[in-house]
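Under my numbering, think of the first position of the sequence shown as 61, with each following residue one higher.
A virtual CB, placed ideally from N, CA and C, is assigned to each residue, including glycine.
Please read these numbers as outputs of a predicted model, since none were measured by experiment.
Have a look at the structure below, then the notes.
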Amino acid sequence: MSDFMLPDIGEGIVECEVVEWRVAEGDRIEEDQPIVEVMTDKALVEITAPEAGVVTKLYVAQGKIAKVHAPLYAYQAENDTQEAGAKEQANEPQSPDADRGSAKAVEQAAVVTSASSLSNSSGKVPASPAVRRLVREHQLELSAITGSGKDGRVLKEDVLAHLNQPSTAPAQAPLQETQGTQPPRVEPLRGVRAVMAKRMVEAASSIPHFHYGEEIDVTDLLALRERLKPRVEALGERLTLMPFFMKAMALAVTEAPIINAQLNAEANELHYYEQCNIGMAVDSKAGLLVPNVKSVERLTLLDIAREVGRLTIAAREGRVDQADLKGGTISISNIGALGGTYAAPIINAPEAAIVAIGKTQWLPRFDEQGEVQRRAIMTITWAGDHRFIDGGTIARFCNAWKGYLEAPETMLLHLG
């Protein structure tokens, strides 16, 4: 019998939550068959079988935490079965402990795959972790809900529709006697939210932040986007303002490289990066994720739009690849997409700075002749690491970035 050890899933990950077993004890498994889905602090990951055999034990219950390098499940491999038969014929008794001790620890990177290729081959009801959590919160059975998604996937709206169905259960007792005395609902902080809590505390307590606010007139930028949208949509992509923010930021970084630098752990060296990997904070169902678009300085606006679209979908589904979450050098938080005007962001360590973008408002402003005009004004707030960035540096950098956004045609001068 062999123990399958939970492999090293990604940098710094030491544990993960078992979301769903796709096999049961006694099930026969084939090589590369999906065995279990686990939720790391960053994404949902599918683990497949290293070889054919029979599952003999599941060490970690669904919903519980599994540790990296600890046994996840045990199985009897086909080859082991043949060897065991030969040993029995040779009358070589073995104790159960000896079987366990001699079991080889199977740990290989090939069994961990991106969850983006999840399928319903096991016959289990497919659903995202957020939907499963919603089902658990309402004490429902996932199998009792009709899924309207692909391959019968249960969506959030399916759960809500199920809850809105007329109930045939007896009416519940009045709540007036217990109101105010009910204990709070307790939900363990796990996965992405647990990591967010930890990292926000670390960043806020270890990095001296300072904030810098500004208004940016994006009237011309909005007009340019409207002109370009039909062409981009004809190519099957969606053009938001984020690709413009990123491209302008990569250009502005060339005028202030220190904004794209990072302080080492000992706080005695600055590491400058040529690549401008710009992260974008996404309010996913699993929690805050910050995937980044790599080498923005080399990409066209269309390239960036494609990447922004891909990462947004992946983040909202909690299925971002580890590679997309690593290597960020500066971040954007577009809180304005949700309606906020101002925000004081916390730096995504070890990066040097992050900008929070507020919503764009049509406001009256004076032109050069003193006449009032209707202009689209966007508020932004920078947070910088005050250990090596001062106010003057970030002000000059912000002015450069602002210049590209207020006169977006100037970005044409830097086309490669």
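Roughly how many whole angstroms lie between the Cα atoms of E274 and I449?
A direct Cα-to-Cα measurement between E274 and I449 gives close to 17 Å.
With DSSP collapsed to three states, give me the class of C458.
The three-state secondary structure of C458, taken from DSSP, is helix.
Among N320, A312, G212, R193, which one has its Cα closest to the Cα of V185?
G212
Please name the residue in K419, G347, F304, L473 whose C-alpha comes closest to that of E367.
F304
Count the other CB atoms, across all protein chains shown, that sit within 10 Å of the CB of P351; report buried if there are 16 or more and exposed otherwise.
buried
Could you pull out every residue in the same chain whose Cβ sits closer than 6 Å to the Cβ of P317, ignoring the five residues on either side in sequence?
Y332
Pop quiz: M309 and W461 are said to be a contact at Cβ under 8 Å. What is the actual Cβ separation, rounded to whole angstroms?
6 Å
Using C-beta distances below 7 Å, list every residue in its chain close to A442, excluding the 5 sequence neighbours before and after it, in chain order.
The question names Ala, yet the displayed sequence has Trp at residue 442. Contacts found: H271, Y272, A413, V415, I454, C458.
Does the Cβ of Q322 have 16 or more other Cβ atoms within 10 Å, making it buried, or fewer, making it exposed?
buried
Check the DSSP bridge columns for L202 and list the partner residues they point to.
For L202, which the question treats as bridged, DSSP gives no partner whatsoever.
Neighbourhood of G396 by C-beta distance below 6 Å, restricted to the same chain and skipping five residues each side:
I417, G418, K419
For the pair the stretch 373-390 and the stretch 345-362, tell me if three or more CB-CB distances fall below 8 Å.
yes
Which one of R82, M65, E80, V114 has the shortest CA to CA distance from R88?
V114
Buried/exposed call for A175, threshold 16 Cβ in 10 Å
Confidence at A175 is low in this model, with a pLDDT of 41, below 50, so the placement of that residue should be treated as unreliable; the coordinate-derived value is given next. Flag for A175 reads buried.
Counting pairs of beta carbons, one from the stretch 197-217 and one from the stretch 335-342, are three or more of them closer than 8 Å?
no
Beta-carbon contacts of M438 that lie in its chain and below 6 Å, excluding the five residues immediately before and after
Excluding residues within five positions, the ones whose Cβ falls inside 6 Å are I276, V278, T420.
I392 lies in the beta strand (DSSP E); which residues open and close that run?
390-393
Looking at C-beta atoms only, is the number of pairs between the stretch 73-89 and the stretch 117-133 that lie closer than 8 Å three or more?
yes
From P243 to L299, what does the alpha carbon distance come to, in whole angstroms?
A straight-line Cα-Cα distance of about 47 Å links P243 and L299.
Candidates E411, G209, E247: closest to G123 by CA position
E247
May I ask you to list the residues that DSSP assigns as paired with R425?
Q433
With burial defined as no fewer than 16 other Cβ atoms inside 10 Å of the residue's Cβ, what is the status of A383: buried or exposed?
exposed
Would you give the residue range spanned by the beta strand (DSSP E) that S265 belongs to?
Looking at the DSSP string, S265 is not in any beta strand (DSSP E); the run it does join, the alpha helix (DSSP H), is 251-266.
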